[in-house]
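Going by full-length UniProt numbering, the sequence shown opens with residue 1, and the numbers climb by one from there. Every residue, glycine too, gets a C-beta built ideally from N, C-alpha and C. Scroll down for the structure; my scribbles are underneath it.
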Amino acid sequence: MEDSEPAEDGLLAGLRWNRSARDQAQLKHKIRDLPGLLKHGLHLRKKSQSPDTIPGPSSGPTVHKSCSQSFPCAGRTVRNAFLSHGPYPAKDKIHLARIIRRSYVGVELVQWLCEQCVYVRCRTTAVRVWQVLLELGVLLSVDQRVVFSDSNTYYQFSFEECDSASCEFRSNEGEWPEAVRLLLQLAPYVQFRSGEEDIVDEDDDDDEEENSNHDENASSSGICTFDVPSFRYIDEDDVEESKEYEREEHWRDGSGQSWYSCSTEDDRCDSSSFRYVVVSGTPLKILEHLLSDLHLTEIAGKMLLDDFLLTYLVFMSTHDLCQALLGQYPSVANLHMGQEEGKDALFRKRKVLQLVSHWSRLYKDFLKEEEHVRSFMKTLYRCVLEDLYEFPTLEKDLKEFQKILNMHFHIFSAHCQSKQVYQQLSLKENCLQVRSPQTETREVICCVYVSADSYLSVHTQPSLEAHELLRIVGLKMDRAEEDMVLAVVSHTGERRVLQPSDCVYSESLTPQGKLVACRRDLTEILPPLTDSAELSRRPVRLLGINTWDVAAALTHLDWTLFKSIHEQELVYYTLSRAPGTGHTAALSVLLQRCNEVQQWVMSEVLMCVSLNKRVQLLKKFIKIAAHCKAQRNLNSAFAIIMGLNTAAVSRLNQTWDKCPGKFKKLFSELELITDPSLNHKAYREAFKRMKPPKIPFMPLLLKDITFIHEGNKTFHDNLVNFEKLHMIADTVRMIRHCQSDQPGEASCLSEFHWASVHYLHIIDNQQTLFELSHKLEPRA
């Protein structure tokens, strides 16, 4: 396309700028309606011209009217260029309880035009170009403003296209800088509407000086012109709009879930004014903006970083994150090539180290066994060592990084503490020696079968040996330890006897079969319970224990399991549900414990032959459930209530009829927290009123995360739906809030109390449970 003339000698020469204030005022009234006319395709021309012709780049022969001189077509071309090549992702803006999709921030539009167009030499000129597009209707203000602002104001683009099949701009989008040059001819006139006072034909040096002063003023006032292009922080008024929108979406969404984000806890309510409205973007762009534009010292910045690190597994793997972080860390070689300035490079390096340090502190030892994470940590550590010569100020960040490596990954040896040593050994592997593995301290549940339809659940350490387990079985089942052996029964029925010194909790035993305690002749120590006459002689030890002590022992054991859960386990469990991966070990144990407490309640009641003792057991369990609730252990309280509500127990009418009325009333009150109506409203309100430490009902927490994950798309138009990630992170942070305080010590409990809840005799066969129930109270 041929070059058009400068602003004063081209199409608008007939409207030459007059520098007198009086003429400017007159001209202001004359051209007030000019943008509206231009929007509908009006072309400016001199009075001496024919309506069918437009002036060319010279005063020679005229040419027929075409889109090459159409201001709306030029504006649409600039719009298409930004949408196609702009580095900034689209954002969502909440406005008047509505969410406005695919919006862009004014500072980003100005920055892109300044960087990409040679005809735009300062931000002031770029603002005028976008003001022209705003007047032409190509650019729309979300807030219905008539003046374009170089700020965090949100804008949208119209999607009108030129109807002409021979539109030069549409057929050759690479000519969009010429479209900007054409639009600049309207810059003097839109300056009236934007309220500017500088004259368009001042020297370029003055424009550049003005732009420099603008940047200096922004810096001195603490305002960054690149203020988090991917995320917008909202004030208290916007919070109300956000809540109103969430309420509308609650009824519009088929799942109808309110989640924990609408019942934030104390530690999160303090920062509610810093809640941000999140937007879409590719994973790499989100990470790039997080590193470039986010101030990690701010509360909102920490929440944003926390959301990203808690939920990045939803849209990218840990290996991809490691590679992306290495790509964001500027190398020394690139610096010598002039690709990054020293100050910006140092800032980026420190950002990467800060993010990795926060990641390590958040995940603790959760990722220490992943080889690619360890390799990433070593590579990043060597890169920082190499950069110490060029950037000595990284020494403080390096020391912090060393602590992280030593604490969570155990890949930093003690002999590299001095600065001289780690500078000299920057590329040597002896500075990254792997420590010997630490002794395992995690809790496990060992299941040893004592009959064909029941087993003994033993809460213990993984190092438990066979002779220790036999002692526990003998104590619980009133059998002599010397008369029993442990065997592993395979799926084919083959039995392999374990030696007394063998470790019974081995991952290799799981695929082979189940662990069985049997006599030395390899017969079972208990016959099938439905045919056993020993149930009538079985002692009911629970009746001799104080209910508060049992609840305290249950709560202490549940808290031991609960506090070992990493927040990330909930995300792993929701995404994969793959058992045995090692990433959900603590969570799986707590879920197993919840199921076993429910089955234990059923088993204890149905194995009690005496009606009077069975009534006493019902009263015991009701009081234990009430005490668990009082001790803020809703996990066990739920399990006990659901165990008493199962069909095999609830059908025992004679037993329930003999139960005193006050216990029935107490049980009815306890049942209210298990009411699933209104998305478990009763439970959520009761749990919200409790102060930490407290133990939630974990299956419901996992259900919330699953509903969020399954009910919302992870990607919209190949861009990450970060609002979904924030909802997941907000729910996962419930774990952190519940673990924010420690319970008191349960030192007054005896070994007998611990044994009553650590070793549970459980019937895991539903058919056996119903047969026992019908034997106790046959159908009428």
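Return the Cβ separation of residue i and residue j in integer angstroms, given the expectation that the two are a contact with Cβ distance under 8 Å.
i           : j    : result
L291        : L355 : 7 Å
P177        : Y119 : 6 Å
V504        : L469 : 5 Å
L725        : D307 : 6 Å
A81         : V129 : No, A81 and V129 are not in contact; Cβ-Cβ is about 12 Å, not under 8 Å.
A648        : L769 : 5 Å
L606        : C659 : Actually they are not in contact, since the Cβ atoms of L606 and C659 sit about 16 Å apart, beyond 8 Å.
V127        : D150 : 5 Å
Q598        : G643 : 4 Å
A552        : L749 : 6 Å
L590        : T655 : No, L590 and T655 are not in contact; Cβ-Cβ is about 30 Å, not under 8 Å.
A466        : D502 : 5 Å
P696        : N635 : 7 Å
residue 789 : E771 : Nothing in the structure corresponds to residue 789, since the chain is present only between 1 and 780.
P349        : Y381 : Reading off the sequence shown, one finds Lys at residue 349, where the question assumed Pro. Actually they are not in contact, since the Cβ atoms of K349 and Y381 sit about 13 Å apart, beyond 8 Å.
By how many angstroms is the C-alpha of residue j removed from the C-alpha of residue i?
i           : j    : result
T547        : I622 : 9 Å
S451        : K403 : 51 Å
A630        : G493 : 47 Å
S242        : P693 : Here S242 scores only 42 on pLDDT, less than 50, and its place in the model should not be relied on; the value that follows carries that caveat. Straight-line Cα distance between these residues: approximately 30 Å.
T77         : G281 : 23 Å
Q766        : L535 : 18 Å
R252        : K681 : Caution applies to R252, whose pLDDT of 35 falls short of 50 and renders its modelled position unreliable; the value that the coordinates give is listed next. The alpha-carbon atoms of R252 and K681 are separated by roughly 19 Å.
E472        : S317 : With the sequence shown as reference, residue 472 is identified as Ile, and Glu is not the correct amino acid for it. Going by the C-alpha atoms only, they are around 43 Å apart.
F722        : I708 : 12 Å
T731        : D704 : 8 Å
C322        : M303 : 21 Å
G585        : G137 : Inspection of the sequence shows that residue 585 is occupied by Ala rather than by Gly. If you take the alpha carbons of A585 and G137, they lie about 58 Å apart.
H566        : L287 : 23 Å
I735        : Q568 : 10 Å
residue 782 : E135 : There is no way to answer for residue 782, as the model of the chain reaches only from 1 to 780.
L184        : K285 : 31 Å
F71         : V105 : 23 Å
L542        : E443 : 24 Å
Y449        : L498 : 14 Å
L700        : V314 : 20 Å
G744        : I545 : 21 Å
L760        : K563 : 22 Å
Could you tell me which residues DSSP puts in a beta bridge with residue i?
i    : result
F157 : L139
T460 : V444
L719 : H716
L486 : A517
I404 : Paired residues: none, contrary to the question.
V497 : A487
Y449 : Y455, V516
S103 : K91
H761 : L456
N633 : I695
C117 : BP columns for C117 are empty, so no partner.
C503 : E465
E524 : C518
Report all residues from its chain with a CB closer than 8 Å to the CB of residue i; omit the five preceding and five following residues, and keep chain order.
i    : result
C447 : Y455, L456, S457, V458, K514, L515
N718 : T282
V180 : A74, V78, L113, C117, Y119, V120, V129
L652 : V605, R614, S773, L776, E777
H319 : H372
In chain order, what residues of the same chain have a beta carbon less than 7 Å from the beta carbon of residue i, not counting five sequence neighbours either side?
i    : result
T706 : T574
S357 : E400, F401, I404
D483 : R519, R520
R538 : M607
H583 : E569, Y572
Using C-beta distances below 6 Å, list every residue in its chain close to residue i, excluding the 5 sequence neighbours before and after it, in chain order.
i           : result
K740        : At residue 740 the sequence reads Ser, which differs from the Lys that was named. Once the five neighbours on either side are set aside, the close Cβ partners of S740 are P692.
residue 781 : Residue numbering for the chain in the displayed model covers 1 to 780; residue 781 lies beyond these limits and cannot be assessed.
residue 785 : In this structure the chain extends from 1 to 780, so residue 785 is not present and cannot be described.
A637        : A625, C628, K629
L109        : W130
H753        : D549, A553
D558        : N633, N635, S636, I695
**Study point:** 4 or more residues per run - each alpha helix (DSSP H) lying fully within the segment 583 to 625
**Key:** Listed in chain order, the complete alpha helix (DSSP H) runs (minimum 4 residues) inside the segment 583 to 625 are 585 to 606.
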